[in-house]
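Down below is the structure, laid out as structure tokens.
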Amino acid sequence: MPRYIPTTTELEPNHDILAEDANVAYLAPDGSVSHRESVDRYQHKVFKGQALVKKPNIGQTKYQPSDHPVYLGMRKRDTASFGVMDFKNLFGKRQVDGTTGGNSAGVNLVANIGDSSGCPSTRKVALVGVATDCTYTGDFNSTESVRENVIDQVNTASALYESTFNISLGLANLTVSDASCPGTPAQATEWNQDCSDSVDIQDRLNMFSVWRGLQQDNNALWTLLSTCNTGSAVGLAWLGQACVQDSITTNQSTTGNGASTGSGQETVTGANVVIRTQGANEWQVMAHEIGHTFGAVHDCTSQTCAQQNTVSAQQCCPLSANTCDAGEQYIMNPSTSQGITDFSPCSIGNICSAIGRGSVSTECLTNNQQVDTISGQQCGNGIVEPGEDCDCGGEEGCGDNECCDASSCTYKSGAVCDDSNEDCCRNCQLASNGTVCRESTGDCDPEEVCPGDSATCPEDSTSPNGESCGNGVYCANGQCTSRDEQCKSVMGSYTQGNDTYACDSQGCTISCASPEFGPGVCYGLQQNFLDGTECGGGGRCMNGQCKGSTVGGQVKSWIDDHKGIVIGVCCAVGGLILLSICGCCLRSCRRRRHMSKLPPPPPPGGWQGWNQGRRGPAMMQRGNQFVPYQPPPQHASHGWFGGGGGWNAPPVPPPAYAPRGGGGVRYA
């Protein structure tokens with residue numbers, strides 16, 4: 001074999017690697033920005049493509065360098081989850097922890113292996129921000145070298161994402177810290193500090209996430225580059241947080257081994273950490289962590305395949321429907337392997353499904369049309385700028401493009417649009433009115449059609465969250481679903497009949513139950529319900545948080561979730577009330593038995609002192625005259641008596657007890 005092997009390269013300029021308004025911010029040791037400068041695209045000759053090597057008797061084959069990143073499994077945190085990539089050494093691998101969480105696909109991964117239908121049909125650009133801490137900057141001899149290296153790493157990772165998902169990575173912001181680490185970290189940039197045993201990679205991610213949440217930009221994510229690894233961990237990322245610019249802080253924290261400390265704070269946003277270390281290829285670590293940011297879980301390994309619950313609960317990506325072990329050969333592999341350069345078919349389905357059903361947001365991805373650049377109008381840079389009809393990237397980038405003239409960036413004769421860059425363009429002509437440019441994904445996501453007078457597809461619109469779309473199902477982020485349906489979807493074949501259902505209606509983290517699990521058993525999957533899903537108190541889930549709930553709604557939700565308890569309590573209270581009523585009735589009857597009998601009715605002539613025919617005042621005889629009777633004073637103890645030589649008259653019978661509820665005769 002000759003010492004030098006002939007190679008052939010197939011390259012083209014990568015015009016997306018630097019955003020049109022890319023800039024570099026340089027931080028002083030106190031955390032303030034010492035100065036900023038714009039990035040001139042044409043000072044950075046960046047290409048993408050492949051190299052072909054010719055070996056004797058085998059023709060030309062695609063050549064890939066051997067890389068040996070060792071990936072660490074997913075660790076579970078108390079309120080969210082993150083992916084960890086590990087480089088320990090080249091001799092063996094660690095035990096894989098397959099726990100995942102956050103915003104993943106939320107679907108049966110096996111059923112979506114290799115399905116890229118949810119990914120963009122035309123090229124999109126995900127803007128990326130990168131920050132280097134003092135340890136990373138100090139690893140280079142100049143800030144210019146730092147900038148060149150960052151661009152190279154992003155460029156290599158971008159080529160993989162563009163060819164796989166039709167999404168390019170564009171470097172929009174680069175923040176370079178001073179090479180001298182501050183003695184005391186500035187409060188504004190706590191992530192910029194020297195390596196320390198008291199600050200692990202999780203602490204750095206939390207600190208960096210706080211800072212990222214304060215940046216006012218439209219980036220899909222931010223990456224912190226450092227040289228401070230924690231043990232063997234060289235990467236950390238929040239799962240499924242693409243296009244999340246705000247940060248969510250909870251009052252919990254974790255230690256380096258994933259255990260809760262019960263104190264401190266944890267902040268989640270679209271951010272990750274990549275550690276530069278000898279033996280680990282930066283771009284692969286970056287591609288792996290960005291994969292987590294777009295919702296990818298780890299590939300299944302022989303260890304995780306032995307844990308059937310992990311596989312059935314969609315916590316790792318199998319190779320195929322019939323083969324669990326992915327063979328340790330893809331980007332999302334959690335352990336060391338040779339020649340890792342591609343995503344597995346399952347990871348492709350994982351990410352595209354997450355994008356397609358809205359589990360992971362892509363609203364911040366940009367189109368490649370009418371972009372203002374800092375360098376002015378430049379034909380051939382792949383950016384359609386003001387004054388250009390099209391720009392397919394120069395002679396090499398345009399290739400056999402039939403619509404765009406590569407040299408002038410104008411439409412070819414008869415062309416009015418460019419199929420490669422516009423959704424409502426067919427054969428270089430505007431698509432007719434009513435042509436479907438974005439298909440419906442279900443009852444809550446109507447299809448979009450071309451207007452007939454524009455090459456741009458109308459904005460994607462979905463039905464309002466909470467709108468009914470069937471029996472017991474409602475619209476949530478463009479999907480017709482429910483909490484129970486999402487459990488059935490994500491649990492897949494975990495149960496024989498897939499009879500899973502949501503444990504409650506309160507939170508926004510998926511937890512499911514099934515008769516097959518046993519009574520009172522709930523499995524928390526550490527994945528979030530879709531944005532827009534109803535949660536406790538009449539609220540709606542937003543990135544794993546329940547927003548807009550009310551006290552009255554929370555009470556109703558609690559009652560709905562605990563109907564068995566409520567019914568039991570109501571029956572018990574109702575029984576007590578019934579017993580009380582019966583007791584009252586019984587006591588009343590007993591009291592009646594002890595009452596005096598009613599007096600006999602008066603004789604036909606009436607009692608003495610009654611007039612015939614007309615009732616008048618009682619009369620008593622005094623001498624030869626009858627005079628009205630005057631009752632004795634109230635303090636008299638008994639009978640009636642006469643005075644002045646009169647005689648005692650027989651007493652008038654006492655009045656009878658009046659019937660309840662009615663009037664009785666009053667006796668004088």
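Numbering (full-length UniProt numbering), first residue to last: 1 to 668. Glycine residues also receive a C-beta, built at the ideal position from the N, C-alpha and C atoms.
- Assigned with DSSP and collapsed to three states, Trp191 falls in coil, not helix or strand.
- Shown here for Val210: same chain residues with a beta carbon closer than 8 Å to its own, the five before and five after excluded, namely Glu190, Ser247, Thr249 and Thr267 in chain order.
- Taking Gly231 as reference, the option from Gln245, Asp443, Val199 and Asn149 with the minimal CA-CA separation is Val199.
- Taking each of Ala287, Val234 and Thr184 in turn and checking the Cα distance to Val154, the smallest one comes out for Ala287.
- Boundaries of the alpha helix (DSSP H) harbouring Thr156: Thr143 to Phe165, taken from the DSSP string.
- Partner residues in the beta bridge of Ser168, as assigned by DSSP, are Val125.
- In the structure shown, Gly574 adopts helical secondary structure according to DSSP, grouped into three states.
- Under the three-state reduction of DSSP output, Leu205 falls in the helix class.
- With a contact defined as Cβ atoms closer than 8 Å, Gly295 and Asn103 qualify at about 6 Å.
- Your pair Leu530 and Gly106 checks out as a contact, with CB atoms roughly 7 Å apart and the cut at 8 Å.
- Secondary structure remark: continuous alpha helix (DSSP H) runs of at least 4 residues inside the stretch 282-353, in chain order: 282-293, 302-305 and 308-312.
- Non-local C-beta neighbours of Gly240 in its own chain, meaning closer than 6 Å and more than five positions away in sequence, comprise Gly102, Asn103, Ser104, Gly295 and Val360, ordered along the chain.
- In the structure shown, Asp484 falls within a helical segment according to DSSP collapsed to helix, strand and coil.
- The DSSP-derived three-state label of Thr230 is strand.
- Rounded to the nearest whole angstrom, the C-alpha separation of Met332 and Ile348 is 10 Å.
- Residue state for Asn112 is assigned as helix, using DSSP reduced to three classes.
- Each residue's CA atom was taken as its position, placing Ser440 and Val573 some 52 Å apart.
- DSSP, read as helix, strand or coil, puts Arg357 in coil.
- Counted as a single uninterrupted DSSP element, the stretch harbouring Gly387 is not any alpha helix (DSSP H), since DSSP gives it neither H nor E.
- Counting along the chain, Thr435 sits inside no alpha helix (DSSP H), nor does DSSP assign it H or E at all.
- Per DSSP, the unbroken beta strand (DSSP E) holding Glu266 starts and ends at Glu266 to Val268.
- In this structure, Val273 places its C-beta atom within 7 Å of the C-beta atom of Leu224.
- In the DSSP annotation of this structure, the continuous segment of the alpha helix (DSSP H) that includes Gly394 starts and ends at Gly394 to Cys398.
- Taking Ala220 as reference, the option from Cys508, Val244 and Gly235 with the minimal CA-CA separation is Val244.
- In terms of Cβ geometry, Leu169 and Val130 do not form a close pair [threshold 7 Å].
- A direct Cα-to-Cα measurement between Asn433 and Cys424 gives close to 9 Å.
- Note that the C-beta distance between Ile167 and Val234 is not below 7 Å.
- Here Gly532 is near Ala476, since their CB atoms are less than 7 Å apart.
- The Cβ-Cβ distance between Gly548 and Gly536 does not fall below 7 Å.
- Here Cys522 is exposed, its C-beta having fewer than 16 other C-beta atoms within 10 Å.
- When DSSP states are grouped into helix, strand and coil, Val210 belongs to the helix group.
- Ala179 is positioned such that its CB atom lies closer than 7 Å to that of Thr137.
- Residue state for Val569 is assigned as helix, using DSSP reduced to three classes.
- Residue range Val473 to Ala476 is occupied by the beta strand (DSSP E) that includes Cys475.
- Nearest to Gln329 by alpha-carbon distance, out of Asn322, Leu576 and Cys346, is Cys346.
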